[in-house]
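K.L.:
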């Protein structure tokens, strides 16, 4: 029997009847699980923070695009399809290219559209570069 294969409840049950060596091994396994839980929570918190930063960046870019494009973010096809302009930033590039106005495409040439994945990757690369320096 591997302790790693047991559920937390099974470990608790076993602990009550185990010898001292097994109890020590169970405590070590519980510590390992706690460490993994802390690491997962840390990674999730960093990812959530990065996504929040991307959302702020995107909202700022949408506002800038609306000003630069005089409110014309959607092509005729985009307006006819009832597309939400925000979807041009959050959806696939093919959808953005199909429904973006010419003014918005020109805006994106000056200020590229960055997907959430690209933004998170850029933040991670910046952190790695910071640690390496």
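In this note's numbering, the protein residues as written are 28 to 160. The C-beta atom is built at its ideal place from N, Cα and C for all residues, glycine as well.
1) Cutting at 8 Å between CB atoms, please list the residues of its own chain near residue 150, excluding the five before and the five after it.
2) Pairing CB atoms from the region 53 to 68 with CB atoms from the region 80 to 92, are three or more of them under 8 Å?
3) Do the region 95 to 102 and the region 117 to 128 touch if we need at least three Cβ pairs shorter than 8 Å?
4) Give me the Cα-Cα distance between residue 65 and residue 138, rounded to the nearest whole angstrom.
5) For residue 143, which residues in the same chain have their Cβ closer than 7 Å to its Cβ, ignoring the five residues on either side in sequence?
6) Do you know how far the Cα of residue 110 is from the Cα of residue 104?
7) Starting from the C-beta of residue 50, find all residues in its chain whose C-beta is less than 7 Å away, skip the five residues before and the five after it, and write them out in chain order.
8) Rounded C-beta distance between residue 146 and residue 95? I'm assuming under 8 Å.
9) Could you give the first and the last residue of the continuous alpha helix (DSSP H) run that contains residue 38?
P.N.:
In this structure, then:
1) Excluding its 5 nearest sequence neighbours in each direction, residue 150 has C-beta neighbours in its own chain below 8 Å: 77, 80, listed in chain order.
2) No contact exists between the region 53 to 68 and the region 80 to 92.
3) Put simply, the region 95 to 102 touches the region 117 to 128. At least three CB pairs are less than 8 Å apart.
4) Cα-Cα distance, rounded: 38 Å.
5) Result list for residue 143: 78, 81, in chain order.
6) Each residue's Cα considered, the two are about 9 Å apart.
7) Counting only residues of its own chain and dropping the five nearest sequence neighbours on each side, residue 50 has a CB closer than 7 Å to the CB of 42.
8) About 20 Å separates the Cβ atoms of residue 146 and residue 95, ruling out a contact at the 8 Å cut-off.
9) For residue 38, the uninterrupted alpha helix (DSSP H) segment begins and ends at 35 to 44.
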